[in-house]
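Enquirer:
Numbering (the working numbering), first residue to last: -15 to 114.
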């Protein structure tokens, strides 16, 4: 197993199924404010850490043992319900806090004659939930 995002997205490579992601990016930020002072430069003050964000693209392919349409519907339900989950990669959480899906973008790449979705790309944007 490569990792998980809740129970819906289990990233793995096995004899029966391949579900992986690519192009994962993580942004870690901090929060600052500037106090204006007469006659001198503003004084910065550290307020604390900002929320981390993660973006990743997942390839869903029926030839790799994944049902793309079913997976897209399950992820859409997570987004619309505001589900919060830990993102686990290599048996370690990416953050000490769970993440929420703030955006989901689908690309339906291959459809069979009967309309069955055979291959799709799913891009997720996650934000740390504190």
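We put the beta carbon where it would ideally sit given N, CA and C, even for glycine.
Within its chain, find whatever has a CB closer than 6 angstroms to the CB of residue 63; leave out the 5 residues flanking it on each side and keep chain order.
Expert: 85 and 88
Enquirer: Within 10 angstroms of the Cβ of residue 104, are there 16 or more other Cβ atoms? Answer buried if so, exposed if not.
Expert: Label assigned to residue 104: buried.
Enquirer: Taking a contact to mean a Cβ-Cβ separation below 8 angstroms, would you say residue 14 touches residue -5 in this structure?
Expert: no
Enquirer: Rounded to whole angstroms, what is the Cα-Cα separation between residue 91 and residue 44?
Expert: 10 angstroms
Enquirer: Buried or exposed for residue 36, going by 16 or more other Cβ atoms inside 10 Å?
Expert: buried
Enquirer: Could you give the DSSP three-state label for residue 121: helix, strand or coil?
Expert: Here the chain has residues from -15 to 114 only, and residue 121 is not among them.
Enquirer: Taking only runs that begin and end inside the segment 10 to 66, name each unbroken beta strand (DSSP E) of 3 or more residues, in chain order.
Expert: Fully enclosed beta strand (DSSP E) runs of no fewer than 3 residues occupy 14 to 19, 27 to 33 and 37 to 45 of the segment 10 to 66, in order along the chain.
Enquirer: Write down the C-beta distance between residue 102 and residue 108 rounded to the nearest angstrom, noting that I regard them as a contact closer than 8 angstroms.
Expert: The Cβ separation is near 21 angstroms, so there is no contact.
Enquirer: Contact defined as beta carbons within less than 8 angstroms: I believe residue -13 pairs with residue 42. What is the distance between those atoms, to the nearest angstrom?
Expert: Not confirmed; about 11 angstroms, so no contact.
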